[in-house]
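All remarks here apply to the structure that follows.
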Amino acid sequence: MDSHQSNNSIEDIFDSSLNLEETHFKEGYDEGYNHGLNTGKDEARQVGLKTGFETGEELGFYKGCVDVWNSVIRVDPNRFSARVQKGIKQMEELIEKYPAMDPEDESVQEIMEALRLKFRVLRAALGMKLDYNGYPKPKDIEF
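The UniProt record's numbering puts the first residue of the sequence shown at 1, with every later residue one more than the last.
Spelled out as structure tokens, the structure:
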């Protein structure tokens, strides 16, 4: 065996070792990437469901308040001042305007903040201690 042939076989061994390492690295990367992609989709779905439920619950609370107040108005039209009745109507319009089927709509946060504000104003005007006690907001969570 000449030295040239011997060098080629040693180089072949190193080349195949490097290729093997590269192949395993790529397989591991692809497997990890696919696992992360699937796990990320599952986690995103869970977060989306939780957030959607929380939003729906809050909207339902406000809708319930508006429905009760409108029932009071039907029974006794003079029970609330014109200002309070206008505020109830504005809350009702905000609820109807909320894009529940399009959570990526940029107005969702703006409408929800307007609803919360309008609710606080009406609650104060009516002298009620009613509050939405649903899921805690991030600022309310203690660590």
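We put the beta carbon where it would ideally sit given N, CA and C, even for glycine.
Bear in mind the structure is a predicted one, so any value in this text is a computation, not a measurement.
Residue i versus residue j: straight-line alpha-carbon distance, rounded
i	j	result
residue 106	residue 73	33 Å
residue 141	residue 33	Because the pLDDT of residue 141 is 45, which lies under 50, any placement of that residue in the model is unreliable, and the number read from its coordinates should be weighed accordingly. So the alpha carbons of these two residues sit roughly 33 Å apart.
residue 31	residue 50	29 Å
residue 68	residue 28	59 Å
residue 57	residue 23	51 Å
residue 115	residue 42	31 Å
residue 118	residue 125	10 Å
residue 71	residue 128	17 Å
residue 121	residue 26	60 Å
residue 20	residue 46	39 Å
residue 65	residue 44	32 Å
residue 54	residue 134	8 Å
residue 97	residue 104	14 Å
Among the options, nearest to residue i - alpha-carbon criterion
i	options	result
residue 95	41, 19 and 109	109
residue 99	20, 48 and 59	59
DSSP-derived helix/strand/coil call for residue i
i	result
residue 62	helix
residue 45	helix
residue 78	coil
residue 107	coil
residue 101	coil
residue 133	coil
Inter-stretch contact (C-beta, 8 Å, three-pair minimum) for the region 74 to 82 and the region 34 to 43: When C-beta atoms of the region 74 to 82 are compared with those of the region 34 to 43, fewer than three pairs fall below 8 Å, so the two segments do not count as touching.
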